[in-house]
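Worksheet: one structure, shown below.
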Amino acid sequence: MKAIQMREPGGPDVLSLVDLPRPELDTETDVLVRLEAAGVNPVDTKIRSRGTLVPQTLTAVLGCDGAGVVEAVGAGVTRFKPGDAVWFCYGGLGGPRGNYAEYAVVDEQVAQPKPASLDFVQAAAAPLVLITAWEALYDRAGLHQGQQALIHAGAGGVGHVAIQLARLAGARVAATVSGPEKASFVHELGAEYAINYKEESLLHCLSDWTGGRGVDVAFDTVGPEVFRQTIPAMAVYGDLVTILDPAGDLDLKEARNRNLRISLELMLTPQLGGLPEALAHQGEILRRCGELFDDGKLTIHVAETFPLEQAAAAHRRLEAGGATGKLVLTIG
Numbered sequence: 009m010k011a012i013q014m015r016e017p018g019g020p021d022v023l024s025l026v027d028l029p030r031p032e033l034d035t036e037t038d039v040l041v042r043l044e045a046a047g048v049n050p051v052d053t054k055i056r057s058r059g060t061l062v063p064q065t066l067t068a069v070l071g072c073d074g075a076g077v078v079e080a081v082g083a084g085v086t087r088f089k090p091g092d093a094v095w096f097c098y099g100g101l102g103g104p105r106g107n108y109a110e111y112a113v114v115d116e117q118v119a120q121p122k123p124a125s126l127d128f129v130q131a132a133a134a135p136l137v138l139i140t141a142w143e144a145l146y147d148r149a150g151l152h153q154g155q156q157a158l159i160h161a162g163a164g165g166v167g168h169v170a171i172q173l174a175r176l177a178g179a180r181v182a183a184t185v186s187g188p189e190k191a192s193f194v195h196e197l198g199a200e201y202a203i204n205y206k207e208e209s210l211l212h213c214l215s216d217w218t219g220g221r222g223v224d225v226a227f228d229t230v231g232p233e234v235f236r237q238t239i240p241a242m243a244v245y246g247d248l249v250t251i252l253d254p255a256g257d258l259d260l261k262e263a264r265n266r267n268l269r270i271s272l273e274l275m276l277t278p279q280l281g282g283l284p285e286a287l288a289h290q291g292e293i294l295r296r297c298g299e300l301f302d303d304g305k306l307t308i309h310v311a312e313t314f315p316l317e318q319a320a321a322a323h324r325r326l327e328a329g330g331a332t333g334k335l336v337l338t339i340g
C-alpha cells in the first residue's frame, strides 16, 4: 500500500511516499479500513520534528484521524461488516500504524459509523479535535448551562468545535481571534464575543463581558503565555483547562487565591497508556458527536485538502499558522 513514512525526526522533508505491506488483522476484534482521508493535526508535526511518542520506534506512519470503508473484520467483530463507512482517532504515534496511508487497522471499539451528513474528508477532519474539546469542556471542566466560557484560538481546529460544544451545553461563549474575518467566523459558530488578541486586552475585555467577575471556564489551546494571561481573567472557583504544558516556572499564586481548578487535557492518554475503557469512552464521544452532526447541531470546517503524496506541504501549511479549521489529506 502507499503510505507516508518518516524515517527520522526533522522538517517536513523527512516525510516520504513509500510502499508498505498492507496491515493485517491481529486480533478477533480488529477492523481493516480502506482509508479515504486522514486529518492533519499539530501533534503530527510535533512527532515529525521531535520523534515518536511510542518508545523504541524511529520510523512512523503519522496521522491519528481517519475515515474510510471497512474492508475486512476479525472473527469477533459484531458492530461492523465490509462496506461500512467509519471514522476514528487511533494510531500515528509511532511505528507502522497511522492514517497517512491507504489502509489502517483499528479495534472495533475505537471506530464509529461515519455520520451520514459528513463526507469522508469532513469525517477525517473531526475526531481528534472533537474528543479533545469534549473531554476538556465536559469531562474536565463540567461546563453547564448559564456559565460564561472563554475559548482561545476560536477559529482553530480544536477551538471552532469547542465553541459549538460550549453553546450546546448552554454556555455563553467568548473566543480569541486574530482578525475580523475570524471574528465573523466564530460569531457564526455561536460565539457571543470575539476578542482580537492582537489589538485588545484579554483581561479588560473579559472583565467588561462578565461584569467584573471573570469567566467560569477557560480553554487554552495556545500555550504558557496565554495560560498565564488567562488566570486573572477567571472567576473565583473557575475551571481552567489547557491542552499544553503550562511550564514549570509558572507562578500560581493568583490561581490559588481564586481557588481555580486547573486541568490538563491530553486525548492521546488512552492510546499511550493502553487503556481500553478510556478508548471506549472516546468512541462513545464520537458516536454522540455523530448524532449531533446528523441533527444539524454541529459542523466541521475544512480549510484545505492535500493529496496523500503532498503530506509535507500540508505540514508546512499547518506550521505556518493562521489556518481556519482543519487540514486534511485525501487518499486514493
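In the numbering used here, the protein residues as written are 9 to 340.
A virtual CB, placed ideally from N, CA and C, is assigned to each residue, including glycine.
DSSP three-state label for residue i, please.
i, result
"Phe88", "coil"
"Glu262", "helix"
"Ala202", "strand"
"Arg175", "helix"
"Pro121", "strand"
"Gln279", "helix"
"Lys305", "coil"
"Glu110", "coil"
"Gly18", "coil"
"Leu145", "helix"
"Gln156", "strand"
"Ala161", "coil"
Taking residue i as part of the beta strand (DSSP E), name the residues at either end of that continuous run.
i, result
"Thr338", "Lys334 to Thr338"
"Thr250", "Met242 to Thr250"
"Arg325", "Here Arg325 belongs to no beta strand (DSSP E); instead the alpha helix (DSSP H) covers Ala319 to Ala328."
"Thr313", "Val310 to Pro315"
"Ile55", "Careful: Ile55 lies outside any beta strand (DSSP E), inside the alpha helix (DSSP H) at Pro50 to Arg58."
"Glu79", "Asp73 to Val81"
"Val3", "No answer is possible for residue 3: the residues shown for the chain start at 9 and end at 340."
Alpha helix (DSSP H) containing residue i: first to last residue?
i, result
"Arg269", "Here Arg269 belongs to no alpha helix (DSSP H); instead the beta strand (DSSP E) covers Arg269 to Leu272."
"Ser24", "Run containing Ser24: none in the alpha helix (DSSP H); it sits in the beta strand (DSSP E), Leu23 to Asp27."
"Ala141", "Pro135 to Trp142"
"Leu300", "Pro284 to Asp302"
"Cys213", "Leu210 to Trp217"
"Arg236", "Pro232 to Thr238"
Taking just the CA atoms, how far does residue j sit from residue i?
i, j, result
"Asn267", "Val244", "6 angstroms"
"Ala163", "Glu208", "17 angstroms"
"Val336", "Asn265", "43 angstroms"
"Pro123", "Asp302", "6 angstroms"
"Glu44", "Lys89", "17 angstroms"
"Val78", "His160", "36 angstroms"
"Glu143", "Ala83", "32 angstroms"
"Gly47", "Asp73", "5 angstroms"
"Leu25", "Leu211", "47 angstroms"
"Met275", "Ala149", "15 angstroms"
"Gly100", "Arg221", "42 angstroms"
"Gln4", "Ala80", "Look at the range of the chain in this structure, 9 to 340, and you will see that residue 4 is not part of it."
"Leu280", "Ile203", "36 angstroms"
"Lys190", "Arg58", "30 angstroms"
Excluding the five sequence neighbours on either side, which residues of its own chain have a C-beta within less than 7 angstroms of the C-beta of residue i, listed in chain order?
i, result
"Arg175", "Val181 and Gly198"
"Thr229", "His160, Ala161, Gly164, Val166, Gly167 and Ile251"
"Pro129", "Per the sequence shown, residue 129 should be read as Val rather than Pro. Hits under 7 angstroms: Ala45, Val310, Thr313, Val336 and Thr338."
Near residue i, what residues of its chain come up, given a Cβ to Cβ distance below 6 angstroms and the 5 sequence neighbours on each side ignored?
i, result
"Val69", "Ala11, Gln13, Pro104, Gly106, Tyr108 and Ala109"
"Pro20", "Ala320, His323 and Arg324"
"Leu23", "Ile12, Met14, Ala319 and Ala320"
Output needed for residue i: all residues of its chain with C-beta closer than 8 angstroms, excluding positions within five of it in sequence on either side, in chain order.
i, result
"Gly246", "Gly222, Val223, Asp224, Val225, Ala226, Arg266, Leu268 and Arg269"
"Thr238", "Leu158, His160, Leu210, Ala226, Asp228 and Leu248"
"His195", "Ala202"
"Lys206", "Ser186 and Gly187"
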